[in-house]
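Numbering (the numbering used here), first residue to last: 14 to 430.
Positions of the beta carbon are idealized from the N, C-alpha and C atoms, including for glycine.
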Amino acid sequence: MKPINEIDAQQPVSRRIFAGAALAGASLFGANAMAQTRQEEIAGRKGKSTSDPGPENKTLLGENPSSNMPPFTDHGNPGPIWFSFDLAPKRVQGGGWTHQVTQRELPPSKDLAGVNMRLTAGSFRELHWHTANEWAIMLTGKARVSVMQPNGKMFIDDVGVGDLWYFPAGYPHSIQGLEDDGCEFLLVFDEGNFSEDDTFLLSEFLAHTSPEILQKNTGWSREVFDQLPPTELYIFEAPLPGPLEDDKRFLGEHLETDGKYTFKMASMPPTQKTLGGEARVVDSTNFPVALNIAAAMVTIKPGGLREMHWHPNVSEWQYWIKGKGRMTVVTTGAKARTMDFNENDVGFVPTMAGHSIENTGTEDLVFLEMFKTSRYQDVSLNEWIARMPNKMAEAHLRLPESTIRSAPQNRIAILPK
Ligand code: MN
Ligand code: MN
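Structural data, given as structure tokens:
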């Protein structure tokens, strides 16, 4: 039978030859597919076996060839490890937009959820608070952020590209785009089920309290109630603010002067630097307010590899900022999955699963590793093997000592050294 996408095409001779070969293949390997040896799996990928004469989504295959045709070492299904913000619908309002990748899009991601938001110059994300802690990084442009502590002191600062902020759950805060073209940023929340559509809003607290109580609470006249926004503002346009110093002067003694809610990640010295790239780790040890979300910003040069490792405490949620790469995740029960990642994609590694990432592009690859923890931790496979006494290592790896010890004897976060 012809493939459905070639119903009107003349069947080429080569296809008839292929059909015969496929039948022969079925009798050789099909019956014992579950018991294939490694040699058979490799052999099965030669010749016509991997051809796909039926319909193909060529655009998708071009972006993610490994998802469709995995390396022979992939096996079983460890669950989804990929999604993309470019598949997440935008909620657009005058002043910008927001969209999110949460547990609803990536079901195993119970620890963290991400929101990507754009605010044009002057536009606000309405004053609000929520049940999750909020970690953020500025991707383009500038914003003014404010957060009030329960003790009545307000922190206010301007953030630019590569700057972070961290707002504890329940603390009311604001984000406003600045000149020239506002901003775009990534928010990460320590609740997989978080939704940007379920936050506590200033407008709704006022609109859903009776006018009589509002009058007693504020001293404003009854007419004021009718002038307040009757429904949420969420994202809206507003005039640009004055200089930051003016806002700080207005706050006076109520200004929180400790710069603890923002952090300059892009300009910090690398935590580790090798020939293959560099990593910057930000957690509660250098950004003390970030008590429940830790981050590593990783740059891998073309051909470089984020070494085989795992995190002993938590799952990993990734945001891919720049370049192209491929990740393999190996979990229990011989389950392994390899996928390709591009700019604006989200990656996920189940708790404690082994993984590695290679730069498969021609420019630097930059991505964020995010964790629901106060302290970043990883275990390096190379370092572990290096610490195994010779007889222990030889018994497990079935290799001579000289080969085993030719591997790096310490952790090298990004190879080559
Ligand atoms: Mn928020
Ligand atoms: Mn990792």
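**Item:** Sequence-distant residues of the same chain with beta carbon closer than 7 Å to Thr222, five excluded per side
**Value:** none
**Asked** Could you give the uninterrupted runs of the alpha helix (DSSP H) lying entirely in the segment 243-305, keeping only those of 4 residues or more?
**Response** 257-264
**Asked** Any heavy atom of ligand 2 closer than 7 Å to the Cβ of Val201?
**Response** no
**Prompt:** Got a sec, what are the start and stop residues for the alpha helix (DSSP H) Ile5 sits in?
**Reply:** The structure shown does not extend to residue 5, since the chain is modelled only from 14 to 430, so the question has no answer here.
**Message:** Can you tell me whether Thr144 sits near ligand 1, meaning its C-beta is under 7 Å from at least one heavy atom of the ligand?
**Reply:** no
**Item:** Unbroken beta strand (DSSP E) run spanning Met319, endpoints
**Value:** Note on identity: in this sequence residue 319 is Arg, with Met being the wrong assignment. That run of the beta strand (DSSP E) goes Leu318 to Trp323.
**Item:** Contacts around Leu290, its chain only, beta-carbon distance under 6 Å, and the 5 residues preceding and following it disregarded
**Value:** Before going on, a small fix: residue 290 reads as Gly here, not Leu. Hits under 6 Å: Thr312, Ile313, Lys314, Gly317 and Ile427.
**Request:** Mind checking which residues open and close the beta strand (DSSP E) that includes Lys71?
**Result:** Segment Lys71 to Glu76 is the alpha helix (DSSP H) holding Lys71; no beta strand (DSSP E) there.
**Asked** So who's on the other strand from Ile417, going by DSSP bridges?
**Response** Answer is none; Ile417 lacks a bridge partner.
**Item:** Straight-line gap, Ser369 to Gly338 (C-alpha atoms, nearest Å)
**Value:** 10 Å
**Request:** Compute every distance between the C-beta of Val327 and the non-hydrogen atoms of ligand 2, then say whether any falls below 7 Å.
**Result:** no
**Asked** Is Phe180 near ligand 1, with its Cβ less than 7 Å from a heavy atom?
**Response** yes
**Message:** Extract the residue ranges of the alpha helix (DSSP H) inside the segment 183-218, only unbroken runs of 4 or more that lie entirely within it.
**Reply:** none
**Request:** Using 7 Å as the cut-off, classify the Cβ of Glu382 as near or not near the heavy atoms of ligand 2, replying yes or no.
**Result:** yes
**Message:** So for Met401, helix, strand or coil by DSSP?
**Reply:** coil
**Prompt:** Skipping 5 residues on each side, what residues in its chain have a beta carbon closer than 7 Å to that of Arg104?
**Reply:** Trp110, Thr111 and His112
**Prompt:** Hey, is His112 close to ligand 1, as in C-beta under 7 Å from one of its heavy atoms?
**Reply:** no
**Request:** Select from Asn355, Met365, Ala366 and Leu381 the residue whose C-alpha is nearest the C-alpha of Thr375.
**Result:** Asn355
**Asked** DSSP on Glu356, reduced to helix/strand/coil?
**Response** coil
**Request:** Using alpha carbons as the reference points, say which of Ser62, Asp176, Leu214 and Thr341 lies closest to Gly272.
**Result:** Asp176
**Message:** Considering Cα atoms alone, identify which of Pro283, Gly135 and Asn129 is closest to Phe249.
**Reply:** Gly135
**Message:** On the criterion of 16 or more Cβ atoms from any shown chain inside 10 Å, does His267 qualify as buried, or is it exposed?
**Reply:** exposed
**Prompt:** Using a Cβ-Cβ cut-off of 6 Å (strictly less than) and excluding sequence neighbours within five positions of Ala279, which residues of its own chain qualify?
**Reply:** Gly175
**Prompt:** Terminal residues of the continuous alpha helix (DSSP H) containing Arg235?
**Reply:** Arg235 to Gln240
**Message:** Here's a check: name, in chain order, each residue in its chain whose Cβ is nearer than 7 Å to the Cβ of Val327, leaving out the five neighbours to either side.
**Reply:** Asp124, Thr364, Phe384, Lys385 and Thr386
**Message:** Pop quiz: Ile94 and Arg319 are said to be a contact at Cβ under 8 Å. What is the actual Cβ separation, rounded to whole angstroms?
**Reply:** About 15 Å separates the two Cβ atoms, so there is no contact after all.
**Prompt:** Would Asn299 be called buried (16 or more neighbouring beta carbons within 10 Å of its own) or exposed?
**Reply:** exposed
**Prompt:** Just curious, the beta strand (DSSP E) that Arg388 is in, first and last residue?
**Reply:** Careful: Arg388 lies outside any beta strand (DSSP E) and carries neither H nor E.
**Prompt:** If you scan the segment 53-132 from start to end, which runs of the beta strand (DSSP E) of 3 or more residues do you find wholly inside it?
**Reply:** 95-97, 104-106, 109-114 and 126-132
**Request:** Report the option in Gly107, Leu191, Pro68 and Glu209 whose CA atom is closest to the CA atom of Ala126.
**Result:** Glu209
**Item:** Asp391: CB within 7 Å of a non-hydrogen atom of ligand 3
**Value:** Annotation note on ligand 3: not contained in the displayed structure, which lists ligand 1 and ligand 2 as its ligands.
**Message:** Under 7 Å: does the beta carbon of His368 sit that close to some heavy atom of ligand 2?
**Reply:** yes
**Cβ contact (3+ pairs, closer than 8 Å) linking the segment 68-80 and the segment 210-217** = no
**Request:** Could you tell me which residues DSSP pairs with Leu431 in its beta bridges?
**Result:** Outside the displayed span of the chain (14 to 430) sits residue 431, for which this structure offers no information.
**Asked** How would you write the range of the beta strand (DSSP E) that Ala149 sits in, first residue to last?
**Response** Glu147 to Gly154
**Request:** Go ahead and label Gln52 buried or exposed: buried means 16 or more other beta carbons lie within 10 angstroms of its beta carbon, across all protein chains shown.
**Result:** exposed
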